[in-house]
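**Student:** Numbered per our numbering, the sequence shown spans residues 12 to 395. Quick one: this structure, given as structure tokens, is what I'll be asking you about.
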Amino acid sequence: MLADAGTADATEILNELEPPYPGEALPNPGSAQLMFATPGLTAQRIRITCEALWRRGPGSGRSPEEYLMAMSELQVWREGKNLAAGRPVEFSSSSTEPGWTPTALTDGYSSREELLDWPAWLTGIERAEALRAELRHVQLSIQIRRETLRQRLLWGAIGSTLVISLLGLIGFLWLRARAARVQEELRSRIARDLHDEIGASLSHLAIQSDLAQQQLLRGALGPERLAAISAGARQTLDQMRDVIWLLAPRASNWSELSHRLQSISSRILDGVKHEIVVEGEPPEGKPAIEWSRNVVTFLKEVLTNARRHSEAENIRVSFDWGETLVMDVEDNGRGFDTAASRDTSGTGLENLEQRAALLRASLDFRSEPGEGTTVRLSVPFSKG
């Protein structure tokens with residue numbers, strides 16, 4: 012890699028031309044970035060010369076004799092600005108495939124998505140910290156409100172007559188016991204969710220990290236292990252955000268719940284061809300927290316099963332806001348025998364039926380081997 016090649020001011024940035032090729036020289040980074048610092052360098056052009064091309068083998072559906080050098084984006088950063096953005100690019104030899112031009116190397120996009128600049132990336136980190144702070148704030152607010160309610164009940168009982176005080180005390184004790192039971196039930200359910208989803212994900216991350224450390228000591232750490240750790244961390248963060256969202260004030264709006272259901276669907280089905288359809292308008296008011304939790308958990312379980320087990324080419328998710336909420340998840344996958352599935356204890360179908368029972372909802376489950384699967388949940392609204 013040379014700056015201002017062919018001039019008297021030519022400067023070498025990178026020289027990895029010594030054999031053997033290519034692993035010991037400059038390994039294929041896959042989808043990761045390669046960054047090189049050039050302090051004090053002033054140049055008008057950057058030239059990249061590749062003398063050992065990457066061989067695209069039969070596994071890609073191409074000829075085993077096809078060799079190439081492939082880059083997604085070339086950026087030159089200075090003082091927080093990408094100087095290469097939109098600049099012209101010349102190649103001595105380039106792809107002739109339709110839809111690709113040399114300008115794609117400096118257009119700010121990867122093969123599928125727009126690239127984030129450094130400020131946006133840092134903003135994402137700040138947003139994660141803000142979510143953690145918001146969770147702490149919610150927990151503190153719950154504690155303050157609980158203490159305030161206890162004090163009000165106590166002073167009200169003291170200021171009443173003896174009979175009213177006695178009745179108030181009895182009522183207070185009953186309400187406190189009932190509130191404690193409800194709180195304990197909600198705490199237990201959230202704890203189960205945290206254990207089942209986030210706890211399992213963290214355990215998986217711990218195992219992956221231990222294996223990565225062992226491979227690092229042996230000098231055998233590969234990108235697959237790091238990719239697995241990264242994917243697990245993103246999944247755990249998404250699960251934690253779902254729990255935080257249920258406790259946050261914005262979760263009390265039906266429209267926000269509708270948007271959240273669509274967002275969860277897009278997140279879980281990312282990388283799979285899918286369609287999300289919304290019909291009708293959510294009602295006014297706000298849903299009960301427990302109702303929202305059960306609906307979100309039901310949807311995540313259905314979509315996760317469809318993605319992992321259906322082998323579907325397309326998945327369709329629809330939300331119909333009418334007199335009730337009707338959720339449909341349809342796939343064109345391999346399907347299965349529902350009767351045989353019911354004979355097996357601990358099946359996913361039993362879990363879905365239990366979720367539907369908690370919602371007092373109607374569940375329609377249709378599947379045949381080779382005919383795909385359709386899950387329909389008709390759930391009445393429960394307002395908070």
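All C-beta atoms in this analysis are idealised placements derived from N, C-alpha and C, irrespective of residue type, glycine included.
1. Excluding the 5 residues flanking L126 on each side, which residues of the same chain have their C-beta closer than 7 Å to its C-beta?
2. Suppose contacts are defined by Cβ-Cβ distances below 8 Å. Is F309 in contact with R366 by that definition?
3. From G179 to R156, what does the alpha carbon distance come to, in whole angstroms?
4. Express the C-alpha separation of H320 and S356 in angstroms, rounding to a whole number.
5. Per DSSP, what are the beta-bridge partners of D331 in this structure?
6. Among E364, T49, A141, V289, whose alpha-carbon lies nearest the alpha-carbon of G333?
7. Let me make sure I understand the geometry here. Which of I275, Q86, N343 has the alpha-carbon closest to that of A115?
8. To the nearest angstrom, report how far apart E382 and I279 are at their CA atoms.
9. Using 8 Å for Cβ pairs, my map puts L314 next to V390. What's the rounded Cβ distance?
10. How should L388 be labelled, buried or exposed, when 16 other C-beta atoms within 10 angstroms of its C-beta is the threshold for buried?
11. When DSSP builds the beta bridges, which residues end up paired with D375?
12. Return yes when the Cβ of E324 is within less than 8 Å of the Cβ of N343, no when it is not.
13. On the premise that T117 lies in contact with A95, defined as a C-beta separation below 8 Å, what is that separation, rounded to the nearest angstrom?
14. Can you tell me whether DSSP reads G22 as helix, strand or coil?
15. How many angstroms separate the CA atom of M338 from the CA atom of N264?
16. Classify G230 as buried or exposed, calling it buried when 16 or more other Cβ atoms lie within 10 Å of its own Cβ.
17. Since I believe A299 is in contact with S393 (beta carbons under 8 Å), could you give me their beta-carbon distance rounded to a whole number of angstroms?
18. Helix, strand or coil for L85, going by three-state DSSP, please let me know.
19. Applying the criterion that 16 or more other CB atoms from any shown protein chain within 10 Å of the CB defines a buried residue, is I169 buried or exposed?
20. So is Q219 buried or exposed if we call it buried at 16+ other beta carbons inside 10 Å?
21. Looking at the strands, I want to know which residues DSSP matches up with A96.
22. Mind checking who H398 pairs with in its DSSP beta bridge?
23. Can you give me the Cβ contacts of A223 inside the same chain, cut-off strictly under 8 Å, excluding the 5 residues immediately before and after it?
24. At what residues does the beta strand (DSSP E) containing L79 begin and finish?
25. Is it buried or exposed, L25, if we count other Cβ atoms within 10 angstroms and call 16 or more buried?
26. Is L13 helix, strand or coil when you go by DSSP?
27. Strictly by DSSP, which residues pair up with H148?
**Tutor:** Working from what's here:
1. E84, G119, Y120
2. Against a cut-off of 8 Å, the Cβ pair of R366 and F309 comes out as a contact.
3. 20 Å
4. Bear in mind that a pLDDT of 48 at S356, under 50, signals an unreliable position, so the number given afterwards is only what the model happens to contain. Approximately 18 Å, taken between the alpha carbons.
5. Paired residues: E290, V337.
6. V289
7. Nearest option by C-alpha distance: Q86.
8. 22 Å
9. So it is not a contact: roughly 16 Å between Cβ atoms.
10. L388 counts as buried, since at least 16 other C-beta atoms from the protein chains shown sit within 10 angstroms of its C-beta.
11. R387
12. A Cβ-Cβ contact shorter than 8 Å links N343 with E324.
13. 5 Å
14. Note on residue identity: the sequence assigns Thr, not Gly, to residue 22. Strand.
15. 18 Å
16. exposed
17. Rounded, the Cβ-Cβ distance is 5 Å, consistent with contact.
18. coil
19. exposed
20. Looking at its Cβ environment, which holds 16 or more other Cβ atoms inside 10 Å, Q219 is buried.
21. As far as DSSP is concerned, A96 takes part in no beta bridge.
22. Limits of the chain in this structure are 12 at one end and 395 at the other, which puts residue 398 out of reach.
23. L232, R236, L237, I240
24. 77 to 79
25. exposed
26. strand
27. BP columns for H148 are empty, so no partner.
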